[in-house]
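Residues 1 to 128 (full-length UniProt numbering) are what the sequence shown spells out, left to right. All C-beta atoms in this analysis are idealised placements derived from N, C-alpha and C, irrespective of residue type, glycine included.
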Amino acid sequence: DLMYYQPTPISWNDYHFLIMSAPDNTSMKRCIKDLENYNVKHLARSCERTYEEDQLQEAGISISELMFPDGMLPQQEIIDEWLKIVDDFFEKHKETNNDAPANEAQSLEKAGKRRSNRDMSNMKSGGQ
């Protein structure tokens, strides 16, 4: 089993992101509870699949695949896709939901990938 780590929230103005390690099937219920607590509606997965997606979809969480090699920077296509997902997601939810939904970036707990996900979230939200 993979170890499950607490998610790390990142917020700037009306942009809310959650960075976390990928769960496995045994920790999925806890993961979904955390995602629901942060009102996550979309998951951007940058790592290999470590779980079945059914429970996430049943919880109303959509999933995008944005995989890139651990320890490497994401390719420009991945960055462009991430920015489009974020723009579309927050534009869609800006008018329809006052609960400030979150967009989640997920990776296996590897320093290079975690930093890249954080940096992409910060880049979009204007953070440092």
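Based on the DSSP secondary-structure assignment, which residues constitute the bridge partners of Ala59?
Along the sequence shown, one-based indexing puts residue 59 at 59. None, per the DSSP bridge assignment.
For a quick check, are the C-beta atoms of Glu52 and Met67 less than 9 Å apart?
Here residue 52 corresponds to residue number 52 of the sequence shown, with the count starting at 1. Here residue 67 corresponds to residue number 67 of the sequence shown, with the count starting at 1. No.
List the endpoints of the continuous beta strand (DSSP E) containing Arg45.
Position 45 of the sequence shown holds residue 45. It spans Val40 to Arg45 - the beta strand (DSSP E) in which Arg45 sits, taken as one unbroken run.
Arg49 lies in the alpha helix (DSSP H); which residues open and close that run?
Position 49 of the sequence shown, counted from the first residue, corresponds to residue 49. Per DSSP, Arg49 belongs to no alpha helix (DSSP H) and is neither H nor E.
Among the residues of its own chain, which have a CB less than 6 Å from the CB of Gln57, if the five just before and after it don't count?
For this step, residue 57 is matched to residue 57 along the sequence shown. Result list for Gln57: empty, nothing under 6 Å.
Tell me where the alpha helix (DSSP H) around Asn37 begins and ends.
Position 37 of the sequence shown, counted from the first residue, corresponds to residue 37. Run containing Asn37: Met28 to Asn37, per the alpha helix (DSSP H) assignment.
Whole angstroms is fine: what's the gap from Gly60's alpha carbon to Asp70's?
Residue 60 sits at position 60 when you count from the first residue of the sequence shown. Residue 70 sits at position 70 when you count from the first residue of the sequence shown. If you take the alpha carbons of Gly60 and Asp70, they lie about 28 Å apart.
At the level of alpha carbons, what is the spacing between Lys41 and Asp88?
Looking up residue 41 in the sequence shown gives position 41. Looking up residue 88 in the sequence shown gives position 88. Cα to Cα, Lys41 sits roughly 12 Å from Asp88.
Can you say whether Met72 is buried or exposed, counting buried as having 16 or more other CB atoms within 10 angstroms of its CB?
Against the sequence shown, residue 72 aligns to sequence position 72. Its Cβ having fewer than 16 others within 10 Å, Met72 is exposed.
From Asn13 to Phe90, what distance separates their C-alpha atoms?
Here residue 13 is taken as the residue at index 13 of the sequence shown, counted from 1. Here residue 90 is taken as the residue at index 90 of the sequence shown, counted from 1. C-alpha separation (whole angstroms): 12 Å.
Please report how far the alpha carbon of Ile63 lies from the alpha carbon of Arg45, in whole angstroms.
For this step, residue 63 is matched to residue 63 along the sequence shown. For this step, residue 45 is matched to residue 45 along the sequence shown. So the two alpha carbons sit approximately 7 Å from each other.
Using only CA atoms, which one of Leu83, Lys33, Asn37 and Glu65 lies nearest to Gln55?
In the sequence shown, the residue the question calls residue 55 occupies position 55. When only C-alpha atoms are compared, the closest one is Lys33.
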